[in-house]
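Peer 1: Sending over a structure as structure tokens; questions will come in a sec.
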Amino acid sequence: MALFGLTCALCFLYTSYMDLGTIVEAILKIGLAPTLLVLVLYWYKESMDKRIKHLEDENKKLLELIEKNIFNSPTGGRK
Numbered sequence: 028m029a030l031f032g033l034t035c036a037l038c039f040l041y042t043s044y045m046d047l048g049t050i051v052e053a054i055l056k057i058g059l060a061p062t063l064l065v066l067v068l069y070w071y072k073e074s075m076d077k078r079i080k081h082l083e084d085e086n087k088k089l090l091e092l093i094e095k096n097i098f099n100s101p102t103g104g105r106k
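Taking the working numbering, I'd label the letters of the sequence shown as residues 28 to 106.
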């Protein structure tokens, strides 16, 4: 199990914005398990922020498409 956690941490190093020195310093100060938890939570927050941004962009595109279709229809959006 510890090997799996260590592997996850190493994989995370390549995708995170934290540098190796920050992570090593955290491991030395608070230990491996809490550091891995922080890294996982940090990764989760970053991935959710990206997902929210993507959904906001998609929402904006859909709203523009709806407005375009309503205002360009012959009935003005009414049936």
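Virtual Cβ for every residue (Gly too), placed ideally from N, Cα, C.
The alpha helix (DSSP H) that contains residue 109, what's its start and end?
Peer 2: Look at the range of the chain in this structure, 28 to 106, and you will see that residue 109 is not part of it.
Peer 1: Please state whether the Cβ-Cβ distance between residue 62 and residue 50 is less than 8 Å.
Peer 2: The residue labelled residue 62 in the question sits at position 35 within the sequence shown. The residue labelled residue 50 in the question sits at position 23 within the sequence shown. For residue 62 and residue 50, yes; Cβs fall inside 8 Å.
Peer 1: Do you know how far the Cα of residue 66 is from the Cα of residue 52?
Peer 2: Counting from 1 along the sequence shown, the entry for residue 52 is found at position 25. Counting from 1 along the sequence shown, the entry for residue 66 is found at position 39. Cα-Cα distance, rounded: 13 Å.
Peer 1: Between the alpha carbons of residue 75 and residue 96, how many angstroms are there, rounded?
Peer 2: Along the sequence shown, one-based indexing puts residue 75 at 48. Along the sequence shown, one-based indexing puts residue 96 at 69. Going by the C-alpha atoms only, they are around 31 Å apart.
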